[in-house]
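One structure is given here, and the rest of the page talks about it.
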Amino acid sequence: MLEIRDLVCGYGHGTALKGLSIEVKEGQLVALVGANGAGKSTTLRAISGLVPPRSGVIRFSGRDITGAEPRRILAHGIAHCPEGRRVFPQMSVAENLAMGAYLRRDRPGVAADLDRIYGEFPRLAERRHQAAGTLSGGEQQMLAIGRALMARPRLVLFDEPSLGLAPTIVERMFAVIRAIRTAGTTVLLVEQNAFAALELCDHAYLLETGRVVRAGTGSALIADP
Ligand code: ADP
Ligand code: ADP
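Under the UniProt record's numbering, the residue at position 179 of the sequence shown is numbered 179, and the numbers go up by one with no gaps.
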């Protein structure tokens, strides 16, 4: 479904990805793990069009999306759930969720998905008219996930969704990500919490200084790190 071949990109004169190749098959949950600075977030930013590739190819469902604009990539069905619970703090919960659906034209579908998200996350439903910035960290993370799902993506990119959350919330959050995959949406997950990500995933890539140094099932990487 997603294929990245020999991707090179970076910031200014720095090179963050030095020939990275990965593949995500439809319906899988794939994890990118590795130390800080390995290039995990940059990989997600390159896929969603936020960092322009210098060379290499990104293909999604057979289409070359290398260097495409972020909104076109979203329109093709790739949603990015960025690091740090980036909700719009002054907007309400409902407005944040509506932003996730801004490219959609199927209003009944949007309303149905909104109901589903409120049903699954009752705390968001209770706070739907409240400014997102007043929610707890865990609620903001769930809102960021809900907002990404409102785009009805075929592939969701999660960047460090467990960062800074209490352990009980982390478990709930991983359960939600597992449920998203079970419902048929493909997931690419970046995690510092490598053990949890490897336990959860179908396939994993270990990154080191902008390259893949190991690949395999999560259990294979746990057994032989
Ligand atoms: P990871 O997500 O694995 O921690 P990143 O993709 O964030 O790694 O970073 C890869 C490299 O790119 C690092 O050397 C980092 O310092 C650099 N980098 C990341 N973001 C920026 C940025 N906005 N500006 C300049 N350099 C950056
Ligand atoms: P379950 O009810 O299966 O235990 P959770 O309570 O852990 O699931 O949360 C699953 C969340 O993910 C819900 O908000 C659900 O609406 C959402 N979700 C799962 N898959 C999708 C999908 N493909 N599109 C939109 N939302 C999804």
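By construction, the Cβ of each residue, glycine as well, lies at the ideal position given by its N, Cα and C atoms.
Cutoff 8 Å; reference residue i; Cβ partners in own chain excluding five residues on either side
i: Ser41; result: Glu83, Asp159, Glu160 and Val190
i: Ala125; result: Tyr118 and Gly119
i: Glu208; result: Gly34, Ala35 and Ala38
i: Ser92; result: Arg128, His129, Gln130, Ala131 and Ala132
Residue i, DSSP secondary structure in three states
i: Ser41; result: helix
i: Tyr118; result: helix
i: Phe88; result: coil
i: Thr186; result: strand
i: Leu124; result: helix
i: Arg63; result: strand
i: Glu3; result: strand
i: Glu69; result: coil
i: Leu50; result: coil
i: Asp159; result: strand
Own chain residues within Cβ distance below 6 Å of residue i, not counting five before or after
i: Gly77; result: Pro153 and Arg154
i: Ala94; result: Arg128
i: Arg45; result: Val51
i: Pro89; result: Ala132 and Gly133
i: Arg147; result: Asn96, Leu97 and Gly100
i: Gly49; result: Ala68, Glu69, Pro70 and Ile73
Residue i, enclosing beta strand (DSSP E) - first and last residue
i: Gly19; result: Leu17 to Val24
i: Ala215; result: Arg211 to Gly216
i: Glu208; result: His203 to Glu208
Residue interval of the alpha helix (DSSP H) (run including residue i)
i: Arg59; result: Element bounds for Arg59: not the alpha helix (DSSP H) but the beta strand (DSSP E), Ser55 to Phe60.
i: Glu139; result: Gly137 to Leu149
i: Leu200; result: Ala194 to Leu200
i: Val33; result: Per DSSP, Val33 belongs to no alpha helix (DSSP H); it is in the beta strand (DSSP E), Leu29 to Val33.
Check: residue i C-beta below 8 Å from any heavy atom of ligand 3
i: Leu188; result: Of the ligands one can find in the structure shown, namely ligand 1 and ligand 2, none is ligand 3.
Spatial neighbours of residue i in its chain, beta-carbon cut-off 7 Å, leaving aside the 5 residues before and after
i: Arg181; result: Leu29 and Val187
i: Glu26; result: Met1 and Thr186
i: residue 264; result: In the structure as shown, the chain begins at 1 and stops at 225. Residue 264 is therefore absent and cannot be evaluated.
i: Gly216; result: Ala204
Inset, instruction - Mind listing which residues have their beta carbon within less than 5 Å of any non-hydrogen atom of ligand 1? Chain order is fine. - result: Tyr11, Ala16, Asn36, Gly37, Ala38, Gly39, Lys40, Ser41 and Thr42
Legend entry - Segment contact, 8 Å Cβ cut-off, at least three pairs: the region 184-200 with the region 15-34: yes
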